[in-house]
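Peer 1: Chains E and P are the protein sequences, given in the same order.
Sequential numbering of the first sequence, starting at 1, is according to our numbering.
Sequential numbering of the second sequence, starting at 313, is according to our numbering.
Attaching a single structure in structure tokens format; questions to follow.
Number of protein chains: 2
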Amino acid sequence: MAEYGFGVDIGGTTVKLGLFGIEGNLIDNWEIPTRKDDGGKYILSDVAEAIIKKMEEKNIPKHNCAGVGMGVPGPIKEDGTVIKCVNLGWGIFNVADELSKMLDMHVKVGNDANVAALGEMWQGGGKGYKNLVMVTLGTGVGGGIILDGKILAGVNGAGGEIGHIKINSEETDVCGCGKTGCLEQYASATGIVKAAKKALNTTDRPSRLREVQYISAKEVFDAAKAGDDLAIELVDDLGYNLGLALSHISCVVDPEAFVIGGGVSKAGEILINTIKKNYEENAFHACRGAKFELATLGNDAGIYGAAALILK
Amino acid sequence: MAEYGFGVDIGGTTVKLGLFGIEGNLIDNWEIPTRKDDGGKYILSDVAEAIIKKMEEKNIPKHNCAGVGMGVPGPIKEDGTVIKCVNLGWGIFNVADELSKMLDMHVKVGNDANVAALGEMWQGGGKGYKNLVMVTLGTGVGGGIILDGKILAGVNGAGGEIGHIKINSEETDVCGCGKTGCLEQYASATGIVKAAKKALNTTDRPSRLREVQYISAKEVFDAAKAGDDLAIELVDDLGYNLGLALSHISCVVDPEAFVIGGGVSKAGEILINTIKKNYEENAFHACRGAKFELATLGNDAGIYGAAALILK
Numbered sequence: 001m002a003e004y005g006f007g008v009d010i011g012g013t014t015v016k017l018g019l020f021g022i023e024g025n026l027i028d029n030w031e032i033p034t035r036k037d038d039g040g041k042y043i044l045s046d047v048a049e050a051i052i053k054k055m056e057e058k059n060i061p062k063h064n065c066a067g068v069g070m071g072v073p074g075p076i077k078e079d080g081t082v083i084k085c086v087n088l089g090w091g092i093f094n095v096a097d098e099l100s101k102m103l104d105m106h107v108k109v110g111n112d113a114n115v116a117a118l119g120e121m122w123q124g125g126g127k128g129y130k131n132l133v134m135v136t137l138g139t140g141v142g143g144g145i146i147l148d149g150k151i152l153a154g155v156n157g158a159g160g161e162i163g164h165i166k167i168n169s170e171e172t173d174v175c176g177c178g179k180t181g182c183l184e185q186y187a188s189a190t191g192i193v194k195a196a197k198k199a200l201n202t203t204d205r206p207s208r209l210r211e212v213q214y215i216s217a218k219e220v221f222d223a224a225k226a227g228d229d230l231a232i233e234l235v236d237d238l239g240y241n242l243g244l245a246l247s248h249i250s251c252v253v254d255p256e257a258f259v260i261g262g263g264v265s266k267a268g269e270i271l272i273n274t275i276k277k278n279y280e281e282n283a284f285h286a287c288r289g290a291k292f293e294l295a296t297l298g299n300d301a302g303i304y305g306a307a308a309l310i311l312k
Numbered sequence: 313m314a315e316y317g318f319g320v321d322i323g324g325t326t327v328k329l330g331l332f333g334i335e336g337n338l339i340d341n342w343e344i345p346t347r348k349d350d351g352g353k354y355i356l357s358d359v360a361e362a363i364i365k366k367m368e369e370k371n372i373p374k375h376n377c378a379g380v381g382m383g384v385p386g387p388i389k390e391d392g393t394v395i396k397c398v399n400l401g402w403g404i405f406n407v408a409d410e411l412s413k414m415l416d417m418h419v420k421v422g423n424d425a426n427v428a429a430l431g432e433m434w435q436g437g438g439k440g441y442k443n444l445v446m447v448t449l450g451t452g453v454g455g456g457i458i459l460d461g462k463i464l465a466g467v468n469g470a471g472g473e474i475g476h477i478k479i480n481s482e483e484t485d486v487c488g489c490g491k492t493g494c495l496e497q498y499a500s501a502t503g504i505v506k507a508a509k510k511a512l513n514t515t516d517r518p519s520r521l522r523e524v525q526y527i528s529a530k531e532v533f534d535a536a537k538a539g540d541d542l543a544i545e546l547v548d549d550l551g552y553n554l555g556l557a558l559s560h561i562s563c564v565v566d567p568e569a570f571v572i573g574g575g576v577s578k579a580g581e582i583l584i585n586t587i588k589k590n591y592e593e594n595a596f597h598a599c600r601g602a603k604f605e606l607a608t609l610g611n612d613a614g615i616y617g618a619a620a621l622i623l624k
């Protein structure tokens, strides 16, 4: 019986790899650069080479390895076909089949945000839940939905694209997706900074943020924690927008828990508390008891989730 | 091998029953009153009696019947436990087990709105799709979500409670659920009439609706079809609210299709067209191609879906 499995998380700059025991214990992890030359045609062979090397190094025979799970930054169909990963230069082809042929091993592939959600469920902040929504607050706002322990990929690979729920019909600024008023425009690190700058530039209100040279989401949270009124309002607005969007989500999939991750989630309890308060005020009564958890795996959620595709 | 199955749809006034062939063909359907006396304790025995009578009448031996599927008007867990059906007087008990004991047959139970969605997928407007969202525009706004051919019930039985997505943060009127600004307040038959009355009472604008004694959703659509400007605006507003809410839903579950049913859906193409237009304007780009279909089973969706629980 197999004792090991690999989790691979392909990013735009680096590929993260992890060797896992079947219980989900991370045995070894490392990175290789993502070679995007020539339409990203070397990426999979680099991954295959890295895995074979590691198996040799650790003296793991092929029959002892359950296979390779992989997260890719783009929409992906159930059969492993990727439909354009612009960040990697990839067009449309079956990633799972191709890597499987190179390695002569079982390969499963998922979208990176969805795979990270699976990772948090398996070994992170979502451990113990089988129905959860992962909310990743980083440069953008990503999401992943796990129902009955499985990724909800969606028919166009857009399941859990919660950053593009329109929460403000009045917005005139355009989101990266081309729409206006998307959650991502307010709840991403970029959106938080933008809201702070707007508040500082359009009012004379005193705030310790005025003394900060480069405003970041962290600075906004730190100021709020220190009792700065303007920053507290900014955090409240963020909590309202997120709480409202998550209340929409619970009217659709009615999950057990929301797991909040990404760089912005380092703010910790202050963030969870404001999201939870606003969620409870806006959620359908039957769903008000949903739990809120902080993600715990950080940048490793992707390799954990990728391994979970194979080992869970 | 079994050739038949029963579908039962328990409503607040009547219980609808259907005898189906395994291919989904409706062989016979009839109704019995819903006896709500004494906390609804006679409802299941009445259902059992009705089914046994029909089997005798049609000369169907038990081994020739795959079982009974049933939709109930309340939240229900996967194991068949109902968690209060206020309309029936029911508390918390396992409906599937109880009916199964009475009949000595296999019984499966689901929430009525979800079961209707399954029915439309099986034999109605959603035929050919495996991932769809059913939107029922009646006295209220209900929903049912089918993913990979199966009902998404939600951990609190609130999966697909799309009528309670908050789409207006400014609303002060309270929804039946206790919140404010729910989709149901605008997109139900009641909501449409309310919006029409408000428009007529707060402006002097001419409209043929002023000559109507009892305004209904149908009157509003008829006036819009006849070119009445005020009614056209009301239909556009409805389309915006529904299109926006469905765009939220597609960022979560990314379905193939939306199936629009309920009394309001009798308006037909004018309704579908305005929902579709507003949906496409607000949906995430990957989801813009979702199909819009009219439900076709009407009040029979419930018995079809209930039978599908057993026969599909």
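Using N, Cα and C, we set each Cβ at its ideal position, and we do this for glycine too.
#1: Using 8 angstroms for Cβ pairs, my map puts E/V72 next to E/D112. What's the rounded Cβ distance?
#2: Apart from the five residues just before and just after P/L609, which ones in its own chain have a Cβ nearer than 7 angstroms to its Cβ?
#3: Is the CB of E/I165 under 8 angstroms away from at least one CB in chain P?
#4: Less than 7 angstroms separating the Cβ of P/G330 from some heavy atom of the ligand COA?
#5: Please list, in chain order, the chain P residues whose beta carbon lies closer than 9 angstroms to that of E/D254.
#6: Tell me the DSSP bridge mates of P/L444?
#7: Closer than 7 angstroms, Cβ to Cβ, to anything on chain B: give me those residues from the segment 574-608 of chain P, in chain order.
#8: Going by DSSP in three states, E/C177 sits in which element: helix, strand or coil?
#9: Could you run through the segment 118-133 of chain E and flag, in chain order, every residue whose CB is less than 8 angstroms away from some CB of chain P?
#10: Could you tell me whether the Cβ of E/L244 comes closer than 8 angstroms to any Cβ of chain P?
#11: Mark P/W402 as exposed unless 16 or more other C-beta atoms lie within 10 angstroms of its C-beta, in which case mark it buried.
#12: If contacts are defined as beta-carbon pairs under 8 angstroms, then P/E482 and P/G455 qualify, I think. What distance do you get, rounded to the angstrom?
#13: Skipping 5 residues on each side, what residues in its chain have a beta carbon closer than 6 angstroms to that of P/T393?
#14: Name the residue from E/I146, E/K218, E/A245 and E/S265 whose alpha carbon lies nearest to the alpha carbon of E/E256.
#15: In the DSSP output, which residue or residues are listed as bridge partners for E/V212?
#16: Indicate the three-state DSSP secondary structure (helix, strand or coil) for P/Y354 in the structure shown.
#17: Name the residue from P/R520, P/K370, P/T451 and P/E581 whose alpha carbon lies nearest to the alpha carbon of P/C604.
#18: Tell me which residue opens and which closes the beta strand (DSSP E) that P/M382 is part of.
#19: Please tell me whether E/P75 has its Cβ less than 8 angstroms away from any Cβ of chain P.
#20: Which residues of chain E have a Cβ atom closer than 8 angstroms to the Cβ of P/L459, listed in chain order?
#21: How far does the beta strand (DSSP E) with P/F332 in it extend, from its first residue to its last?
#22: Using the beta-carbon of each residue, which ones in chain E are nearer than 9 angstroms to P/G490?
#23: Measuring CB to CB, does P/D566 end up less than 8 angstroms from E/A158?
#24: Cα-Cα, which of E/V47, E/M1 and E/V86 is closest to E/G39?
#25: Comparing the C-beta of E/C251 with each C-beta of chain P, is any distance below 8 angstroms?
#26: With distances taken between CB atoms, is the gap from E/L19 to E/I27 smaller than 8 angstroms?
#27: Please determine, among P/E315, P/Y552 and P/S357, the residue with the shortest C-alpha to C-alpha distance to P/M414.
#28: From the DSSP output, in three-state form, read off E/K54 for me.
#29: Which chain P residues are close to E/S247, counting only those with a beta carbon under 7 angstroms from its beta carbon?
#30: On the DSSP bridge assignment, give the partners of P/W342 in chain order.
#31: Assign E/E56 to one of two classes, buried (16 or more other C-beta atoms within 10 Å of its C-beta) or exposed (fewer than that).
#32: Counting C-beta neighbours from all protein chains within 10 Å, is the total for E/E219 16 or more, i.e. buried, or is it exposed?
#33: Classify E/K36 as helix, strand or coil using the three-state DSSP reduction.
#34: If you pair each beta-carbon of the segment 210-224 of chain E with each one of the segment 258-268 of chain E, do three or more pairs fall below 8 angstroms?
#35: Give a yes or no on whether the C-beta atoms belonging to P/G539 and P/Y591 are separated by under 8 angstroms.
Peer 2: Inspection of the coordinates gives the following:
#1: 6 angstroms
#2: Excluding the 5 residues flanking it on each side, P/L609 has same chain C-beta neighbours closer than 7 angstroms at G431, E432, Q435, G436 and Y616, in chain order.
#3: Yes, E/I165 counts as interfacial toward chain P.
#4: Of ligands this structure carries none, so the ligand COA is not represented either.
#5: L464, A465, G466, V467, N468, G469, A470, G471, G472 and E473
#6: P/I458 and P/A569
#7: Looking at the structure shown, chain B is missing, and the protein chains on hand are E and P.
#8: coil
#9: N131
#10: yes
#11: buried
#12: Going by Cβ atoms, the distance from P/E482 to P/G455 rounds to 23 angstroms, so no, they are not a contact pair.
#13: N406
#14: E/I146
#15: Per DSSP, none; premise fails for E/V212.
#16: coil
#17: Note on residue identity: the sequence assigns Phe, not Cys, to residue 604 of chain P. Closest option to P/F604, Cα to Cα, is P/E581.
#18: Where P/M382 is concerned, the enclosing beta strand (DSSP E) stretches over C377 to V384.
#19: yes
#20: L147 and L152
#21: T326 to G333
#22: Neighbours of P/G490 across chain E, judged by C-beta separation under 9 angstroms: H285.
#23: yes
#24: E/V86
#25: yes
#26: yes
#27: P/S357
#28: Note: E/K54 maps to helix in three-state DSSP.
#29: K478
#30: P/L329
#31: E/E56 comes out exposed.
#32: buried
#33: coil
#34: yes
#35: no
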